[in-house]
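Structure, as structure tokens:
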Amino acid sequence: MADWWQSLLFATTWYEWLALILALAYLVLAAHQKQLCWYAAALSCAIYSVMFWQGRLYMEAILQVIYIVLAGYGWWQWHRLEAETDEPQSLSLSWRWHLAQWAWLIPVAVATVILLRTFTDADQVWLDTFTTVFSLLATWLVAKKVFATWWYWLVIDSVYVYLYIVKGFYATALLFVVYVLLVLYAMWRWYSAPEPLANQVS
893 MADWWQSLLF
903 ATTWYEWLAL
913 ILALAYLVLA
923 AHQKQLCWYA
933 AALSCAIYSV
943 MFWQGRLYME
953 AILQVIYIVL
963 AGYGWWQWHR
973 LEAETDEPQS
983 LSLSWRWHLA
993 QWAWLIPVAV
1003 ATVILLRTFT
1013 DADQVWLDTF
1023 TTVFSLLATW
1033 LVAKKVFATW
1043 WYWLVIDSVY
1053 VYLYIVKGFY
1063 ATALLFVVYV
1073 LLVLYAMWRW
1083 YSAPEPLANQ
1093 VS
């Protein structure tokens, strides 16, 4: 246990700590539906993209770059939704909609795994790829203010805890332990917000 805490304190770079703090700020702000969350997300992802590329988690590195783009989209989308209504609202999607997304995302993930294993030296390729693919879906759902995003993040962040411990990113692994708790908090905050939009997307 002492060795783990020493690794956490001394093997963690200052820029990983900065990325961690910004990532926490993003989730707390998102839980409160504050538009500033997207600025924190973009800065955190910029740092993590470099870290993960150096750690040969190529899909995670690419994911962070895409996150930066999605942060811009999320900022615009939340700004538009805020302009349309005085109250924060979330959209409800049917289970058929989610199954339809899985039907094409899983084959895409498997094909990506095969390519990475064939042409790169990527590490932890199955976990890296599947968390990447479904994180993109979950991030898009956050931008759309879909409550189900938090169920995705609950599973994804739990997997990330293991992945980052294996890769030696101890501070980031600790971050994702906190993330799991904050996801539960965000679920409560969004559930306590005004009622979701009446229309469901099938």
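Heads up: the sequence shown begins at 893 in the working numbering, then just goes up one per residue.
C-beta: ideal position from N, C-alpha, C; glycine also.
| Item | Value |
| --- | --- |
| Should the region 1070-1084 be called in touch with the region 1034-1043, which here means at least 3 C-beta pairs below 8 Å? | yes |
| Residue 978 to residue 1030, Cα distance in whole Å? | Its pLDDT being 49, under 50, residue 978 is placed unreliably by the model, and nothing is read from it. |
| When burial is assigned at 16 or more other CB atoms within 10 Å of the CB, is residue 1022 buried or exposed? | buried |
| Let's see if you can read the secondary structure: which residues bound the alpha helix (DSSP H) around residue 928? | Per DSSP, residue 928 belongs to no alpha helix (DSSP H) and is neither H nor E. |
| Measure the C-alpha to C-alpha separation of residue 926 and residue 990 and round it to an integer number of angstroms. | 26 Å |
| Pick helix, strand or coil for residue 966, following the three-state DSSP scheme. | helix |
| Give me the Cβ distance between residue 915 and residue 936, rounded to the nearest whole Å; I'm assuming they're in contact under 8 Å. | 4 Å |
| Would residue 1026 pass as a contact of residue 1052 if the rule is Cβ separation under 7 Å? | no |
| Among residues of its own chain, excluding the 5 on either side of residue 958, which ones have a beta-carbon nearer than 7 Å to its beta-carbon? | 1028 |
| How far does the alpha helix (DSSP H) with residue 949 in it reach, from first residue to last? | Note, residue 949: premise wrong, no alpha helix (DSSP H); not H, not E. |
| Is there contact between the region 1054-1066 and the region 933-950, where contact requires at least three CB pairs shorter than 8 Å? | yes |
| According to DSSP, simplified to helix, strand and coil, what is residue 993? | helix |
| Do residue 917 and residue 932 have their C-beta atoms closer together than 7 Å? | yes |
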